[in-house]
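Enquirer: Going letter by letter, the first sequence gives residues 931 to 1040 in my numbering.
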Amino acid sequence: MTRGNVEVSLNFRQQVEMWVARIPYGQVATYGELAALSGQAAAARIVGGIAHYGDPTLPWHRVVNRFGGLASGFPGGREVQATLLNTEGVPCDENHTIINFEAHRWRPLL
DNA sequence: CGAGTGACCGCAA
DNA sequence: ATTGCGGCCACTC
931 MTRGNVEVSL NFRQQVEMWV ARIPYGQVAT YGELAALSGQ AAAARIVGGI
981 AHYGDPTLPW HRVVNRFGGL ASGFPGGREV QATLLNTEGV PCDENHTIIN
1031 FEAHRWRPLL
């Protein structure tokens, strides 16, 4: 409600998209993390919905589940997402899971 | 305008 | 160890 504070007035979707846009090159974040950063830790599922219907220009390929596994509905398939991450220096195994996931995980507090 | 669905997460049998 | 279920918000049909 704080008129001077823009973040509070933004909706959940807006905040999620903002956080996704802030994910740096070569790092990844989880749906739950983005949901928590947006104020609703239990709304991780909504983040997936936003990824599907939201702004496609955002780096959604840097968003994965808590296990470091790639998304199932990524445009082009998980193979494409794995290739994109690999290009950024984030290797994935044959199971479409990020290798050394914790090491590449983005830390907003950092 | 109402209801269903979704690229998830955490906990309980 | 695996399976099943509830919860949250936004968007589509």
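Ideal Cβ positions, reconstructed from N, Cα and C, are used throughout, including at glycine.
Identify, in the order they occur along the chain, each residue of the same chain with its Cβ nearer than 6 Å to the Cβ of GLU937, setting aside the five sequence neighbours on each side.
Expert: Residue placement at GLU937 cannot be trusted, given a pLDDT of 46 that sits under 50; what the coordinates show is reported in the next sentence. Correct list: empty, nothing qualifies.
Enquirer: Any idea if THR987 is buried or exposed, counting beta-carbon neighbours within 10 angstroms, 16 or more meaning buried?
Expert: Exposed is the call here.
Enquirer: Does the Cβ of TYR955 have 16 or more other Cβ atoms within 10 Å, making it buried, or fewer, making it exposed?
Expert: Counting Cβ neighbours within 10 Å, TYR955 comes out exposed, since fewer than 16 surround it.
Enquirer: Please confirm whether GLY1006 and HIS1026 have their CB atoms less than 9 Å apart.
Expert: Cβ distance not < 9 Å, so GLY1006 and HIS1026 don't count as in contact.
Enquirer: Go ahead and label GLY978 buried or exposed: buried means 16 or more other beta carbons lie within 10 angstroms of its beta carbon, across all protein chains shown.
Expert: The residue is buried, with at least 16 neighbouring Cβ atoms inside 10 Å.
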